[in-house]
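In the numbering used here, the protein residues as written are 1 to 143. All residues carry an ideal CB built from backbone N, CA and C; glycine is no exception. Just so it is clear, the structure is predicted and the values come from calculations on it, not from any experiment.
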């Protein structure tokens with residue numbers, strides 16, 4: 001007589017596809033993380049903007065005008081910069097003279113945001129640790 005064997009069904013979840021998906025996601029995050037981390041770190045104000053102190057040194061003013069030209073102003077003397085490399089070099093030279101001198105960026109309202117960011121990157125390459133942004137005070141509406 002033949003004995004009948006009962007075959008047991010195995011109820012397992014195959015986790016190999018899930019591990020494959022997780023590894024692919026891990027590779028994607030590792031590959032994109034350095035791209036996300038590049039950029040200029042800016043300390044954003046958490047309160048209303050205040051004017052600079054009167055007793056503070058006169059700042060180095062880096063400007064990008066409406067035409068996209070770059071200038072550095074020190075003690076009310078503006079020097080036109082031929083390119084962003086010149087901005088980096090000039091900022092580095094001035095900071096060697098006085099490393100605690102404040103640096104502010106002034107961009108025309110009509111200039112694309114990209115031009116201001118490129119100017120800030122050039123200043124960072126020149127050794128500037130932090131910059132201030134020059135703005136005009138808000139105007140009251142005539143309503």
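Tell me the rounded alpha-carbon separation between residue i and residue j.
i, j, result
"residue 70", "residue 57", "22 Å"
"residue 43", "residue 20", "Residue confidence is low: residue 43 scores 36 on pLDDT, short of 50, so the model does not pin down where it sits. No coordinate-derived value is stated."
"residue 40", "residue 22", "Confidence at residue 40 is low in this model, with a pLDDT of 37, below 50, so its placement is unreliable and the value that follows should be read with caution. Whole-angstrom Cα-Cα distance: 31 Å."
"residue 85", "residue 126", "9 Å"
"residue 76", "residue 101", "15 Å"
"residue 64", "residue 99", "23 Å"
"residue 5", "residue 14", "26 Å"
"residue 97", "residue 29", "43 Å"
"residue 124", "residue 59", "16 Å"
"residue 27", "residue 117", "30 Å"
"residue 72", "residue 62", "5 Å"
"residue 8", "residue 24", "35 Å"
"residue 107", "residue 66", "8 Å"
"residue 91", "residue 33", "30 Å"
"residue 135", "residue 31", "38 Å"
"residue 83", "residue 89", "10 Å"
"residue 11", "residue 113", "59 Å"
"residue 111", "residue 78", "19 Å"
Mind checking which residues open and close the alpha helix (DSSP H) that includes residue i?
i, result
"residue 128", "Where residue 128 is concerned, there is no enclosing alpha helix (DSSP H), given that its DSSP letter is neither H nor E."
Taking the alpha carbon of residue i as the point to measure from, which residue in the options has its own alpha carbon closest?
i, options, result
"residue 95", "111, 129 and 67", "129"
"residue 120", "109, 110 and 133", "133"
"residue 93", "107, 74 and 110", "74"
"residue 68", "32, 18 and 115", "115"
"residue 81", "10, 16 and 122", "122"
Since residue i is in the beta strand (DSSP E), which residue starts that stretch and which ends it?
i, result
"residue 88", "Careful: residue 88 lies outside any beta strand (DSSP E), inside the alpha helix (DSSP H) at 84-97."
"residue 68", "Per DSSP, residue 68 belongs to no beta strand (DSSP E) and is neither H nor E."
"residue 80", "77-81"
"residue 15", "No beta strand (DSSP E) contains residue 15, which DSSP labels as neither H nor E."
"residue 103", "103-107"
Below 8 Å on the Cβ atoms is my guess for residue i versus residue j; work out the distance and round it to an integer in Å.
i, j, result
"residue 104", "residue 87", "That belief does not hold up - the Cβ atoms of residue 104 and residue 87 are roughly 14 Å apart, past 8 Å."
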